[in-house]
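Q:
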Amino acid sequence: MITAWRIVKARLVPTAFDGEGARLYGGRWNSRGLPVVYTAASPALAALELLVHLGHSGVLAAYVSIACAFDEAVVLRLERNRLPKDWRSSPPLPELALVGDA
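Heads up: take any position in the sequence shown, counting from 1, add 237, and you land on the working numbering.
#1: Assuming Arg-260 is part of the alpha helix (DSSP H), what are its boundary residues?
#2: Suppose the cutoff is 8 Å on Cβ atoms and the five residues either side in sequence are ignored; what does the same chain contact list for Asp-255 look like?
#3: With 16 as the cutoff for other CB atoms within 10 Å, does Thr-276 come out buried or exposed?
#4: Since I believe Gly-263 is in contact with Ala-334 (beta carbons under 8 Å), could you give me their beta-carbon distance rounded to a whole number of angstroms?
#5: How would you write the range of the beta strand (DSSP E) that Ala-304 sits in, first residue to last?
#6: DSSP has Thr-240 in a bridge; who is on the other side?
#7: Measuring only the C-alpha atoms, how far is Leu-315 from Pro-331?
#8: Could you give the C-beta distance for Ala-306 and Met-238, rounded to a whole number, given that I count them as a contact under 8 Å?
#9: Just how far apart, CA to CA, sit Asp-308 and Ala-241?
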């Protein structure tokens, strides 16, 4: 089993794994319209990902950290050499969403 982490606002815990935010707005790894749940490999990485978007840590008290476990058999490994050279650019390249959609 793999354990992943997600940080969400406490009031959103009941829907933390429905993928609705990503469905409504899209993300680096999914197109708008496709529900996806973004997680991280550790609580620290989940916090870092959140802080990048929030800009400061003052609001973190309103958030909770949630662990989730899933079987490694559902994981698709993607070799970095299959990604565009500038896959980390901001804003993200549109073709990255297509990779995640697939």
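Each residue gets a CB set at the ideal place from its N, CA and C atoms; glycine is no exception.
A: Inspection of the coordinates gives the following:
#1: Its alpha helix (DSSP H) spans residues 257-262.
#2: Within the same chain, Asp-255 has close Cβ partners Pro-272, Val-274.
#3: By the 16-neighbour rule on beta-carbons within 10 angstroms, Thr-276 is buried.
#4: Confirmed, Cβ separation roughly 6 Å.
#5: Its beta strand (DSSP E) spans residues 300-307.
#6: Assignment of beta-bridge partners to Thr-240 by DSSP yields Ala-306.
#7: Leu-315 and Pro-331: Cα-Cα distance of roughly 17 Å.
#8: Ala-306 to Met-238, Cβ: 5 Å. Contact.
#9: Asp-308 and Ala-241 have their C-alpha atoms some 11 Å from each other.
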